[in-house]
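Numbering (our numbering), first residue to last: 1445 to 1583. Cβ atoms here follow ideal geometry from the backbone N, Cα and C, with glycine treated the same way. Read the structure below first, then the notes.
Here it is, written out as structure tokens:
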């Protein structure tokens, strides 16, 4: 096995360049991949994990694109450091295509100046967003 830790990646979706930094990417002997995203919190319910799951979809999209591999060969794990819980996910090609469509739609709206959010300024999603300067909520 080979692993990469905290590597910044770039990939393209419909001509738009995206980036992510995966906490840990394992290259498994059987040709599969394992993405591990470490969380400093306790394990949360599935509904509270929605943001984390979307993050894993982005990592899956990027890994699939960068390594020219099918999504079925990518396993994602959320590792909660406070209590040691691990939640595993695999996403279908259809789920990743739908996610990519949502990303393209969001980019097109941003480019058109139509970027509104119903998030509160201190929400987790907004706190770490690199696009906060573009958002009407912050201007």
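Could you tell me the distance, in whole angstroms, from the CA atom of residue i to the CA atom of residue j?
{"i": "residue 1529", "j": "residue 1487", "result": "6 Å"}
{"i": "residue 1473", "j": "residue 1552", "result": "39 Å"}
{"i": "residue 1546", "j": "residue 1449", "result": "27 Å"}
{"i": "residue 1446", "j": "residue 1498", "result": "25 Å"}
For residue i, which residues in the same chain have their Cβ closer than 8 Å to its Cβ, ignoring the five residues on either side in sequence?
{"i": "residue 1477", "result": "1469, 1470, 1471, 1507, 1511, 1513, 1517, 1518, 1519"}
{"i": "residue 1461", "result": "1454, 1455"}
{"i": "residue 1493", "result": "1522, 1531"}
{"i": "residue 1534", "result": "1515, 1516, 1518, 1519, 1520"}
Anyone know if the C-beta pair for residue i and residue j falls short of 8 Å?
{"i": "residue 1458", "j": "residue 1526", "result": "no"}
{"i": "residue 1521", "j": "residue 1479", "result": "yes"}
{"i": "residue 1496", "j": "residue 1523", "result": "no"}
Buried or exposed, going by whether 16 or more other CB atoms sit within 10 Å of the CB of residue i?
{"i": "residue 1532", "result": "exposed"}
{"i": "residue 1556", "result": "exposed"}
{"i": "residue 1475", "result": "exposed"}
{"i": "residue 1554", "result": "exposed"}
{"i": "residue 1544", "result": "buried"}
At the 8 Å Cβ level, is residue i part of the contact set with chain C, yes or no?
{"i": "residue 1449", "result": "Going by chain labels, chain C is absent from the structure shown, which holds only one protein chain."}
Spatial neighbours of residue i within its chain, please: CB distance less than 7 Å, with the 5 preceding and 5 following residues excluded, ordered by chain position.
{"i": "residue 1464", "result": "1453, 1502, 1503, 1506"}
{"i": "residue 1540", "result": "1501, 1504, 1505, 1508, 1515"}
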